[in-house]
Every structure is written in C-alpha cells, then in structure tokens.
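**Student:** First the structure, which I've put down as structure tokens, then a few questions once you've had a look.
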Amino acid sequence: GTCNPMTDPEGDSIWTVTLPLTADSIEYKFTLDGWTGQESLTSGTACTKTTGAFTNRFAAFTGDTILPGVAWESCAAKAGQVYVTMQVNMEYQTVDSTGVFLGGGSGFGTPGQNMMYPIGDSVYSITLPRDTGFFSFFTFMNGNCPSWGCKENLAGKPCGDPANFNDRSVGSALYGDFHLVTCFGECTVDGSCPVPPTPVNVTFRSDRTNSPAFTDAYLSGTMNGWSGDATAMTDADGDGVYEVTLSLMPGAYEWKFTADNWAIQENFDPATSDSVCTITQGAFTNRYMMLGGTADTTLEIHGWEMCGNAGIGIEEATADFVVKPNPASDVLFIENTTGIPSNVAVYSVTGAKVLEQRLETEARLDVASLPRGMYIVRVQNGLSESVVRIALK
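Residue 1 is where the sequence shown starts when you use the working numbering, and the numbers rise one by one after that.
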C-alpha cells in the first residue's frame, strides 16, 4: 500500500508517477494512505478487469506509455477536463540550477510558473489539467528566465511557428488528453535527441580603414541576439583590420559590423553588388553565411559596407588570367595567359573548396549548382599564384 507513491507538485489535484515496468499487461488501482482508502471499481467497465472477487484497472503496453488521465473510481477524465502531459528530454543540455519549465502561449503562463520534474534518463515531465476545448502555444525553458532568454530555439524547424515566437502548439482545440514526448530544441515525437553537431571556430575580419570614426568595434548578428556590445572586435597589429573568433554551430547566420553599441553600423543596398554577400528579409539587409563542415574557418577580410576587401573590385582581372563573366550564373570561363599549365580551384567565402580543374589555355567551370553568393577563384602554376573574387547570381 505504500509502494509507488504518487506526487502532485503543482498542487492541482493531479497525481502522477512514472515507473520502470517490463512490457506486459498489469492490474492496478489507486489507493490512499497505505490501503486506508482505495478505489471501488465497477466490473465490466472499459478500463477494468475482474478476477474472482477483485475488480482492478487493467492496462497493456509494449513500450514507454503515458496512460490516459482518469478521475477517482472512473474510466474517464473529470467532466469538462483534459489532461496535458509534456515530457522533454534534456540529453546534451546542461540543466540550469533553477530547473526546467513549461510556459508560453495563452495557456501555459510565464517563465518559472510551470516547473517540470525529472523522471529519469534526463527526461523532465509535467501533467496539467485544462478545460475541454483548450488550445495554446508553448515552449520549454532551460531555467527560470523572466526575459525568455533560456527558451528552446525552434527557428526554421517544422514544430516551431514563426508567427508565434517559434513556439510549439498543441495542434488544435483539445477534446481528449494531449501527450508530447520530445527533445529540447528538437521536433522529435519519440523522446529521442539527435547527437548535436560539433561547434567550429569562425574568425570574422573587418577592414575599418574606410568606416566612419569610432571608438569600439563590434560584430552584431544572430549569433549574439543582435547585441550591440556583446562581441568586441580587436586590431592587435594596428593595420585597421579588426578580428574576432567565435565558436559556432553549423547553420545559417546573419550579421553586420557595427561600432559603439549601434551608434555606427553598416548599411547595404541589395540592388547593387552588395547582394553577393548579403540576404534581404523584409526591410533588413545583412551579411549572410551558411556554415557547414567540421573545420575551423577564417572568413575573408570584408571592407566596410563591402563584399570583400576594399582593394579588390567586383570586375577584377589580372595579367595572368581572365575570369568571365563576373558576376556569373551557370558557367565560368577562365583564360590562362601565362602559357603554363595551371590548376584552378574555386572556394566558398568560408574556405571550402567547391570546384577544381586543370587549366591549359582555357577552362569551363559549371557553377550552376553552387549556391548564389561570393566565391574565390585561385590559379596556381608552380611559379605564381593569382586570386580573383567572383559573384554568382
């Protein structure tokens, strides 16, 4: 009678327990105070099994299971009520000392209101009663953060609604129990967490010799919540090129170079050659990068409000070879004027080699499948090396 104690941490009269059981069928009932009180169940009802003089609840399961919420001595929920059970796997997360929380939308409150409780294997759970017809968005938070800064990030993922802060939802109005078993920051529905990618070091470089006068240089972007002063850049050798190295996960990033906590910032015109290294969303045009791979990366030096360095023009050509057209769309033609067989390679702005070919007098490179943006063409013949920056549109 005192085994398998249930708890009601929310104080809402919904008592729960999670038990490690062998996949099978079981009989059980809810009891009080060591058999001082127990359910009296009606034989023949949908959730019971009668063996001799004993009528108990009955359940069969083949794996992890959340049983339907029921009222005392009933096979159904309390009239007019549904039970919402959320379980989130925090594997690969360092859980904040304040705990894990459920919140958001119109029905789950503010940060710190609905604390979730560990049930084993890094899984945190909560069950809440709600009125029939209930609907809400929601999110999980790693910590009690009034600013919502510790909520999971579902941007770009199918279970995050971009029109509602990239939060999850219960789908539609609820007329039965709702169960979700997922992973923090992921859209899995079986509770599994994919192994997270490994971060890489990315060095950003900004040539500020032609920028407005400033005191402190910064990098602002999606990697730091567009903070104006969180990521300082420094010029250790005094050559006007400011640098900062960040540890970033693979993915898409937008940023721009700023100064003095947004007193000064770059501005781009997507109708010009600025478009080769930027992305425009609504009224905002920012630098853009899709970071992939597992190697540390040093980005090319960008002049202030330029795609590339101030000393390199978009229509650049050299005496040793010619790249045309520039900008290009489907095909690049490279003419070798040295008379020496050479090797031509094309690199993304993150340093990844995307094409390579032997060059005699002329090479034709198919670039139709490459993402649009800025690339570096490098030609080497053992005696000299030449580089041209090209744009694909």
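Every residue gets a Cβ at the ideal spot worked out from N, C-alpha and C, and that includes glycine.
(1) On the three-state DSSP scale, how would you describe C193?
(2) How far does the beta strand (DSSP E) with T258 in it reach, from first residue to last?
(3) Can you tell me whether DSSP reads N326 as helix, strand or coil?
(4) Between S106 and T16, is the Cβ-Cβ spacing less than 9 Å?
(5) Please report whether the beta-carbon of P197 lies at a distance below 9 Å from any beta-carbon of chain C.
(6) Using a Cβ-Cβ cutoff of less than 7 Å, which residues in the same chain neighbour G311 once the five nearest sequence positions on both sides are dropped?
(7) Which residue comes first and which comes last in the beta strand (DSSP E) that contains M289?
(8) Reducing DSSP to helix, strand and coil, say where V202 ends up.
(9) Look at the alpha carbon of N166 and the alpha carbon of P194, and state the distance between them as a whole number of angstroms.
(10) Just list the residues that DSSP pairs I14 with in beta bridges.
(11) Rounded to whole angstroms, what is the Cα-Cα separation between T127 and G80?
(12) Report the rounded CA-to-CA distance for G99 versus N210, giving the unit in angstroms.
(13) On the criterion of 16 or more Cβ atoms from any shown chain inside 10 Å, does M374 qualify as buried, or is it exposed?
(14) Based on Cα-Cα distance, which residue from A259, G282, K29 lies nearest to D269?
(15) Is it the case that the stretch 362 to 372 contacts the stretch 296 to 303, given that we only count it when at least three CB pairs across the two stretches are under 8 Å?
(16) At which residues does the beta strand (DSSP E) containing N142 begin and terminate?
(17) Which class does N114 belong to by DSSP, given the choice of helix, strand or coil?
(18) So, for T139: in the same chain, excluding its five sequence neighbours on each side, which residues have a beta-carbon less than 7 Å away from its beta-carbon?
(19) Specify the secondary structure class of C277 as computed by DSSP and reduced to three states.
(20) Does the Cβ-Cβ distance between D64 and G143 come in under 9 Å?
(21) Count the C-beta pairs between the stretch 115 to 125 and the stretch 216 to 227 that are closer than 8 Å, then say yes if the count reaches three, no if not.
(22) Flag this pair as yes or no: are the beta carbons of F178 and V84 separated by less than 9 Å?
(23) Closest by CA to V367, which one among T110, A173, F137, N326?
(24) Below 6 Å CB to CB, which residues in the same chain sit around C47 once its five sequence neighbours on both sides are set aside?
(25) Alpha carbon to alpha carbon, what distance is there between R389 and E316?
(26) List the residues that DSSP assigns as beta-bridge partners of G99.
(27) Among the residues of its own chain, which have a CB less than 8 Å from the CB of A23, if the five just before and after it don't count?
(28) Quick one: is R287 buried, meaning 16 or more other Cβ sit within 10 Å of its Cβ, or exposed?
(29) Using beta-carbon positions only, say whether T234 and T203 come within less than 9 Å of one another.
(30) Once the 5 residues before and after R378 are set aside, which same chain residues still bring their CB inside 6 Å of it?
(31) In terms of residue numbering, what span does the beta strand (DSSP E) encompassing Q357 cover?
(32) Report the three-state DSSP secondary structure of T85 (helix, strand or coil).
(33) Could you tell me if N189 is buried or exposed, where buried requires 16 or more neighbouring beta carbons within 10 angstroms of its beta carbon?
**Tutor:** In short:
(1) C193 carries a coil assignment under DSSP once its states are collapsed to helix, strand and coil.
(2) Here the beta strand (DSSP E) through T258 covers 251 to 259.
(3) DSSP places N326 in the coil class of the three-state scheme, outside both helix and strand.
(4) Cβ atoms of S106 and T16: not closer than 9 Å.
(5) Here chain C cannot be found, since the structure has a single protein chain.
(6) Note that G311 has pLDDT 43, beneath the 50 cutoff, so the model's placement of it is unreliable and the number below is only indicative. Excluding positions up to five away in sequence, the list is empty.
(7) Run containing M289: 284 to 291, per the beta strand (DSSP E) assignment.
(8) If DSSP states are grouped into helix, strand and coil, V202 belongs with the strands.
(9) Approximately 20 Å, taken between the alpha carbons.
(10) Under the DSSP definition of a beta bridge, I14 lacks any partner.
(11) T127 and G80 have their C-alpha atoms spaced approximately 16 Å apart.
(12) Rounded to whole angstroms, G99 to N210 spans 48 Å at the Cα level.
(13) It counts as buried.
(14) Here the closest residue by C-alpha is G282.
(15) Taking a cut-off of 8 Å on C-beta distances, the stretch 296 to 303 does not touch the stretch 362 to 372, as fewer than three cross pairs fall below it.
(16) That run of the beta strand (DSSP E) goes 137 to 142.
(17) The answer is strand: DSSP assigns N114 an E or B state.
(18) Excluding residues within five positions, the ones whose Cβ falls inside 7 Å are G103, G104, K151, E152, D167, R168.
(19) In this structure, C277 counts as helix in the three-state DSSP scheme.
(20) G143 is positioned such that its CB atom lies no closer than 9 Å to that of D64.
(21) Look at the beta carbons and you see the stretch 115 to 125 not touching the stretch 216 to 227: under three pairs across the two are nearer than 8 Å.
(22) A contact, by the Cβ cut-off of 9 Å.
(23) Nearest of T110, A173, F137, N326 to V367, Cα basis: N326.
(24) Taken in chain order, the residues that qualify are R57, C75.
(25) Residue confidence for E316 is low, a pLDDT of 42 falling below 50, so the modelled location carries little weight; the figure read from the coordinates is stated next. Each residue's alpha carbon lies about 7 Å from the other.
(26) Under DSSP, G99 forms no beta bridge with any residue.
(27) Excluding positions up to five away in sequence, the list reads F61, T62, G63.
(28) Buried is the call here.
(29) Using a Cβ distance threshold of 9 Å, T234 and T203 do not count as a contacting pair.
(30) A345, V387.
(31) Residues 353 to 359.
(32) In the structure shown, T85 sits in a strand (DSSP, three-state: E or B).
(33) One point to set straight first is that residue 189 is Val, not Asn, in the sequence displayed. By the neighbour-count rule (16 or more Cβ atoms within 10 Å), V189 is not buried but exposed.
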